[in-house]
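Following the working numbering from start to finish, the sequence shown increments by one per residue and tops out at 742.
Using N, Cα and C, we set each Cβ at its ideal position, and we do this for glycine too.
Heads up, the thing below is written out as structure tokens.
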Amino acid sequence: MRKNLKNHNKYHTETLNQSTRRRALRTIAGVLVGTSAVGTVGARNQITEIDEPTVIDEPGEYVLTSDITSVDIPIIRIEADRVTLNGTGHTLAGDFRSPGWSQPGIEANGVKNVNIQDVTVTNFGRGISITNAKNCSVKGVTATQCRTSGITIQTSNSAVQGNTLRNIYKGTGIHVGGSNNTVAENDIGSLDTGLILKGPSTKVRNNTVDRTVEGIVIYGNNQFLTNNTITNSDIWGVYISNSINNKIIQNYFQYARISGDTENSIIRANEIDE
Numbered sequence: 469m470r471k472n473l474k475n476h477n478k479y480h481t482e483t484l485n486q487s488t489r490r491r492a493l494r495t496i497a498g499v500l501v502g503t504s505a506v507g508t509v510g511a512r513n514q515i516t517e518i519d520e521p522t523v524i525d526e527p528g529e530y531v532l533t534s535d536i537t538s539v540d541i542p543i544i545r546i547e548a549d550r551v552t553l554n555g556t557g558h559t560l561a562g563d564f565r566s567p568g569w570s571q572p573g574i575e576a577n578g579v580k581n582v583n584i585q586d587v588t589v590t591n592f593g594r595g596i597s598i599t600n601a602k603n604c605s606v607k608g609v610t611a612t613q614c615r616t617s618g619i620t621i622q623t624s625n626s627a628v629q630g631n632t633l634r635n636i637y638k639g640t641g642i643h644v645g646g647s648n649n650t651v652a653e654n655d656i657g658s659l660d661t662g663l664i665l666k667g668p669s670t671k672v673r674n675n676t677v678d679r680t681v682e683g684i685v686i687y688g689n690n691q692f693l694t695n696n697t698i699t700n701s702d703i704w705g706v707y708i709s710n711s712i713n714n715k716i717i718q719n720y721f722q723y724a725r726i727s728g729d730t731e732n733s734i735i736r737a738n739e740i741d742e
């Protein structure tokens, strides 16, 4: 059963029985201000616990209190602004045999100020997908065994930082669309393409990309890559596809090369070790 967190208390006055109360989301700040058969909502600054597939449609801070394995995908759907989802180290796992295997484990669309952190996502089409959004972040996430991408963002002014992406089959570690995003300090490896940049003006710094077919592929303009370590790429370390006004400065390449077609770009002070 998917749990919806919207406060329906003012519409429903029925009394919860004991089993329903145990299933309801718990709020860690003492007093509940609204309960219903589909969940609970607390006052501002309280923390709401999640232990089953859930739709979040109220602002607030939410924490996972257990691992969740489900064919009900996405396991977490975020439909509200100003949400922080803290996985507290827990794992969300899908099932490739389910009809929705191509869907993300965590999905947010049309939101702003959403932060996802400290969770492992595995066995999904996409680990985390945030689209049509702004001012969001994905930090401290581990994505493994996903089909098409570990993290996909189509956002503006957002950050993907400090994540680990491994074994994404024939897919991409991090897929970035939108503008003015930052991709930093991620550990990406053992997949087809480490990072795809489609939107303009992405800052890519201090990432490690290892054992890929393609390390970083640039489509959007005005990209800035610095202090990244790109090693063991089968075809190229960085490929630039008809993109202009890029800066690729002070990166380290080992068994990886820079190739492609670009204009008005600065490529300098990179160390290439073959």
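Task: C-alpha gap between Q718 and T670, whole angstroms - done: Computed Cα separation, rounded: 16 Å.
Task: As assigned by DSSP and simplified to three states, the class of V501 - done: For V501, the predicted model reports a pLDDT of 32, less than 50, meaning its position is unreliable; a value from the coordinates is still stated below. V501: coil per DSSP, three-state reduction.
Open item on the list: Counting C-beta neighbours from all protein chains within 10 Å, is the total for K602 16 or more, i.e. buried, or is it exposed?
Closed with: Label assigned to K602: buried.
- [ ] Helix, strand or coil for V609, going by three-state DSSP, please let me know.
- [x] If DSSP states are grouped into helix, strand and coil, V609 belongs with coil.
Open item on the list: Here's the rule: buried if 16 or more other CB atoms are within 10 angstroms of the residue's CB, otherwise exposed. What is V681?
Closed with: Counting other Cβ atoms within 10 Å of its Cβ, V681 stays below 16 and is therefore classed as exposed.
Task: Euclidean distance between Cα positions of I518 and S534 - done: About 8 Å.
Task: Contact set for T610: own chain, Cβ-Cβ below 6 Å, skip 5 residues either direction - done: These residues qualify, in order along the chain: T588, T632.
Open item on the list: Relative to the C-alpha of E653, which candidate in N600, E742, V677 has its C-alpha closest?
Closed with: Selected option, being the one with the closest Cα: V677.
- [ ] Go ahead and label N591 buried or exposed: buried means 16 or more other beta carbons lie within 10 angstroms of its beta carbon, across all protein chains shown.
- [x] N591 is buried by the Cβ-count criterion.
- [ ] Go through its chain and collect everything with a Cβ distance to I536's Cβ below 6 Å, but skip five positions before and after it.
- [x] Result list for I536: I543, L560, in chain order.
Task: Limits of the unbroken beta strand (DSSP E) element including Q629 - done: Taken as a continuous stretch (DSSP letters only), the beta strand (DSSP E) holding Q629 covers 627-629.
- [ ] Please name the residue, chosen from I684, I574, K715, S709, that lies closest to A694 on a Cα-to-Cα basis.
- [x] A small correction: the amino acid at residue 694 is Thr; Ala does not occupy that position in the sequence shown. For T694, the nearest C-alpha among the options comes from K715.
Task: Close Cβ partners of H777 (< 8 Å) along its chain, the five nearest in sequence each way excluded - done: The structure shown does not extend to residue 777, since the chain is modelled only from 469 through 742, so no value can be given for it.
Task: DSSP state of K666 mapped onto helix, strand, coil - done: In the three-state reduction of the DSSP assignment, K666 falls in the coil class, being assigned neither a helical nor a strand state.
TODO: Per DSSP, which residues does G646 bridge with? Please list them.
DONE: T623.
TODO: Mind checking which residues open and close the beta strand (DSSP E) that includes T590?
DONE: Run containing T590: 588-590, per the beta strand (DSSP E) assignment.
Open item on the list: Measuring only the C-alpha atoms, how far is G578 from E547?
Closed with: Taking the straight line joining both Cα atoms gives about 8 Å.
Task: Assigned secondary structure, D655 (DSSP; H/G/I helix, E/B strand, else coil) - done: Secondary structure at D655: strand, using DSSP grouped into helix, strand and coil.
Task: K602, DSSP secondary structure in three states - done: For K602, the three-state secondary structure derived from DSSP is strand.
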